[in-house]
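In my numbering, the protein residues as written are 6 to 178.
Scroll down for the structure; my scribbles are underneath it.
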Amino acid sequence: MKLSMRDLMDRMGVGRNLSPYETQPWVHVDGTEGITASAEVRMNGDGDEIEAELQFLYDNPPAGKAPVEQIVWMKIKPQIRLQGLWATTDLWVKKENYANKVYGWEEKACNFFRACVRELKAERLPDIEMLISREFAAREVFGGGAGEGSNKSPQIKSNQLLYDMKNPHARGF
């Protein structure tokens, strides 16, 4: 999925173009659970890379869990040959590489991040497992996946092969 900067920012929930060194942050603090959710989309200083990130920061982390948990991280770069278009190059969700894992992963990554941002804007902690199952559902598969390839031994009727070339309604095979 290759998009213009404006379309990409809209899909990520930013709503405006970013400039070099610019960041769009979102934060929600859930005092009852002791979790701070922090999301941001940022552009590097050269203007040739965009990163989007969502982290959970725990006031009192559960045993064996780090105080900071990176939920999603994605990198987006401009496509040199396609002037003005950007494409997602990396996607990690809960320490798992999702790049090329599901069909349409680039679009699903933007939808997932935007869904997380929507929850933060509504002052709710995103339910990550529910959003992963909803946004990364494998409704489609690479290459059609239905096994609809050509037949390796087609039935050719030799009398129809070159039989009636003058008839425009002849079907050939």
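For glycine and all other residues, C-beta sits at the position ideal for the given N, C-alpha and C.
Short Cβ contact (7 Å threshold) for residue i with residue j
i    : j    : result
R119 : G20  : no
S138 : G89  : no
P67  : E45  : no
R47  : C115 : no
Close Cβ partners of residue i (< 6 Å) along its chain, the five nearest in sequence each way excluded
i    : result
K1   : Residue 1 lies beyond the range of the chain shown here (6 to 178); nothing can be said about it.
P131 : C121, E124
P25  : M48, G50, G52
Reference residue i, options the options, closest by Cα
i    : options             : result
K113 : A44, G89, V77, K126 : V77
R129 : Y103, V32, G50      : V32
Q75  : L87, E101, N65      : E101
A142 : V107, D64, I133     : V107
I133 : L62, N105, D64, K99 : K99
K126 : T28, L13, V34, N105 : V34
Reduced DSSP category for residue i - H, G, I as helix; E, B as strand; rest coil
i   : result
K70 : coil
L23 : coil
L96 : strand
L42 : Correcting the residue identity first, residue 42 is Ala in this sequence and not Leu. Of the three classes helix, strand and coil, the one that applies to A42 here is strand, per DSSP.
E54 : coil
Cβ-based neighbour list, residue i, same chain, cut-off 8 Å, excluding 5 preceding and 5 following
i   : result
Q84 : K7, L90, W91, A92
R11 : N22
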